[in-house]
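In terms of our numbering, the sequence shown opens at residue 563 and continues consecutively. See below for the structure under consideration.
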Amino acid sequence: MGKLDENDAVQFDDAYNDIERQIINNNISEKVQERYLKCQELYQKKNIFPIFKTYENVGHWTTSDMNFEVIKFFFNQMKKK
């Protein structure tokens with residue numbers, strides 16, 4: 563996730579309905595960056611440890627470094643099988 567990313571699909575009705583939006587906003591956060599951090603806490607409390615990575619100076623876009631990391635991740639997963 564880009565640290566500067568404020569694009570928030572939760573707040574629009576093409577992704578979430580009013581009830582879903584209210585549940586998310588009331589229980590996690592109305593702000594996307596706060597929600598991102600809160601979700602990490604919730605996973606860790608349940609002993610689930612996905613990979614979360616925040617990219618400095620990046621908004622709602624990807625960089626070649628980000629794309630390369632994703633490619634390496636999936637390549638390494640395919641090698642394990």
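Every residue, glycine too, gets a C-beta built ideally from N, C-alpha and C. Since this is a predicted model, take the numbers as computed values, not measurements.
Asked	Found
Suppose you measure from the CA of residue 619 to the CA of residue 641; what does that come to, to the nearest Å?	32 Å
Alpha carbon to alpha carbon, how far is residue 579 from residue 631?	33 Å
Please name the residue in 581, 574, 611 and 608 whose C-alpha comes closest to that of residue 594.	574
Short check: CB of residue 586 to CB of residue 572, under 8 Å?	yes
What is the DSSP secondary structure of residue 617, reduced to helix, strand or coil?	strand
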